[in-house]
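A.B. asks: Protein chains in written order, with the working numbering: chain A, 1496 to 1607; chain B, 255 to 364.
Note that beta-carbon positions come from the ideal geometry of N, C-alpha and C, so glycine has one too.
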Amino acid sequence: NAGVTQTPKFQVLKTGQSMTLQCAQDMNHEYMSWYRQDPGMGLRLIHYSVGAGITDQGEVPNGYNVSRSTTEDFPLRLLSAAPSQTSVYFCASSYRTNQPQHFGDGTRLSIL
Amino acid sequence: GQQVMQIPQYQHVQEGEDFTTYCNSSTTLSNIQWYKQRPGGHPVFLIQLVKSGEVKKQKRLTFQFGEAKKNSSLHITATQTTDVGTYFCAGSNAGNMLTFGGGTRLMVKP
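#1: For a cutoff of 8 Å on Cβ pairs, would you count A/Leu1571 as touching chain B?
#2: Can you give the Cα-Cα distance for B/Gly357 and A/Met1522, rounded to whole angstroms?
#3: Taking Cβ-Cβ distances below 7 Å as the criterion, which residues of the stretch 1582 to 1594 of chain A are in contact with chain B?
#4: Mind checking whether A/Ala1576 and A/Met1514 have CB atoms under 8 Å apart?
#5: Suppose the cutoff is 8 Å on Cβ atoms and the five residues either side in sequence are ignored; what does the same chain contact list for A/Leu1508 look like?
#6: Helix, strand or coil for A/Asp1551 per DSSP?
#7: Measure the C-alpha to C-alpha separation of A/Gln1532 and B/Glu321 and round it to an integer number of angstroms.
#8: Determine the chain A residues that contact B/Phe354 at a beta-carbon separation under 9 Å, and present them in chain order.
#9: Compute the distance between the beta-carbons of A/Thr1602 and A/Leu1516, then report whether it is under 8 Å.
#10: Quick one: which chain B residues come within Cβ less than 7 Å of A/Phe1505?
#11: Between B/Glu269 and B/Gln334, which are expected to be in contact by the criterion C-beta below 8 Å, what is the C-beta distance as a whole number of angstroms?
#12: Tell me which same chain residues have a C-beta within less than 7 Å of the C-beta of A/Gly1548, skipping the five on either side of it?
#13: Is there at least one Cβ from chain B nearer than 8 Å to A/Gly1601's Cβ?
#14: Using DSSP with H/G/I as helix, E/B as strand and the rest coil, what is B/Ser284?
#15: State the CB to CB distance for the pair B/Gln287 and B/Ala344, rounded to an integer number of angstroms; the pair is presumed to be in contact (CB under 8 Å).
#16: Measuring straight from C-alpha to C-alpha, what distance separates A/Gln1596 and B/Thr336?
#17: A/Thr1510: buried (16+ other C-beta within 10 angstroms of its C-beta) or exposed?
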């Protein structure tokens, strides 16, 4: 089992560009989520999904979109990248909302 | 909304010394989880506590959940260089999403 797979691992964008961060899990988990991690800020929830076809906003959703067309995949889209979105992004999954989270390796994103 | 505060933010210890990080919630929690993130890595689940006053041990690590289910602690006895990393607590109300604390970064001098 691969667990939670995130791609790409690193990315550099210019301000205004758009891109999609990919996340896939093979554990048949219903709950998936995206976090961003900035120095001294811990993990902040961007968006989450409790099952296919259902998504909701977390603590810091502005500038990001998500969709959940299948149980396995939960992509995160940056609509128009801004320098403030420079961060490390983690995707996580679990059986249910408040159960132990399995994290991917992260995507390190720099926006110039 | 629910807030989870964690202290201290940083801790330097000499190898062999003990270490404790504390987690406090603004609301009563249904469970609390602890994660460890090695430098450059991703958070890895360590343990979950559910019952009031619960104490669990993993080798040199001792986890406690407060009687009121609003606070928790992680204590490491006789730290080793392999303990280096950031320790996060995460708490949730029943059925709600997890809220992570800001983490405590542990640095161990050999």
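C.D. replies: Based on what the coordinates show:
#1: Position 76 of the first sequence, counting from 1, holds the residue named residue 1571 of chain A. No, because no Cβ of chain B sits closer than 8 Å to the Cβ of A/Leu1571.
#2: Position 103 of the second sequence, counted from the start, is the residue given in the question as residue 357 of chain B. Position 27 of the first sequence, counted from the start, is the residue given in the question as residue 1522 of chain A. Each residue's Cα considered, the two are about 27 Å apart.
#3: Phe1585, Thr1592, Asn1593
#4: Translated into positions along the first sequence, residue 1576 of chain A becomes position 81. Translated into positions along the first sequence, residue 1514 of chain A becomes position 19. Against a cut-off of 8 Å, the Cβ pair of A/Met1514 and A/Ala1576 comes out as a contact.
#5: Residue 1508 of chain A sits at position 13 when you count from the first residue of the first sequence. Counting only Cβ-Cβ distances below 8 Å, and skipping sequence neighbours, we find Met1514, Leu1573, Ala1576, Leu1604, Ser1605, Ile1606, Leu1607.
#6: Here residue 1551 of chain A refers to the residue found at position 56 when the first sequence is read from its first residue. Here A/Asp1551 sits in strand by DSSP.
#7: In the first sequence, residue 1532 of chain A corresponds to position 37, counting from 1. In the second sequence, residue 321 of chain B corresponds to position 67, counting from 1. Each residue's alpha carbon lies about 31 Å from the other.
#8: Walking along the second sequence from the start, residue 354 of chain B turns up at place 100. Under the 9 Å cutoff, chain A gives Tyr1530, Gly1537, Leu1538, Arg1539, Leu1540.
#9: Translated into positions along the first sequence, residue 1602 of chain A becomes position 107. Translated into positions along the first sequence, residue 1516 of chain A becomes position 21. Yes; because the gap between Cβ atoms is below 8 Å, this pair is in contact.
#10: On the first sequence, residue 1505 of chain A is found 10 positions in, with the first residue counted as 1. Simply none; closest approach about 12 Å.
#11: Here the question's residue 269 of chain B lines up with position 15 in the second sequence. Here the question's residue 334 of chain B lines up with position 80 in the second sequence. With 8 Å as the limit, B/Glu269 and B/Gln334 qualify as a contact, their Cβ atoms being about 6 Å apart.
#12: On the first sequence, position 53 is the one that residue 1548 of chain A refers to. Excluding residues within five positions, the ones whose Cβ falls inside 7 Å are Arg1563.
#13: Position 106 of the first sequence, counted from the first residue, corresponds to residue 1601 of chain A. Answer yes: the Cβ-Cβ gap between A/Gly1601 and chain B drops below 8 Å somewhere.
#14: In the second sequence, counting from the first residue as 1, residue 284 of chain B sits at position 30. If DSSP states are grouped into helix, strand and coil, B/Ser284 belongs with coil.
#15: Mapped onto the second sequence, residue 287 of chain B falls at position 33. Mapped onto the second sequence, residue 344 of chain B falls at position 90. Going by Cβ atoms, the distance from B/Gln287 to B/Ala344 rounds to 5 Å, so yes, they are a contact pair.
#16: Looking up residue 1596 of chain A in the first sequence gives position 101. Looking up residue 336 of chain B in the second sequence gives position 82. Rounded to whole angstroms, A/Gln1596 to B/Thr336 spans 22 Å at the Cα level.
#17: Within the first sequence, the letter at position 15 stands for residue 1510 of chain A. Exposed, because fewer than 16 other Cβ atoms sit within 10 Å of the Cβ of A/Thr1510.
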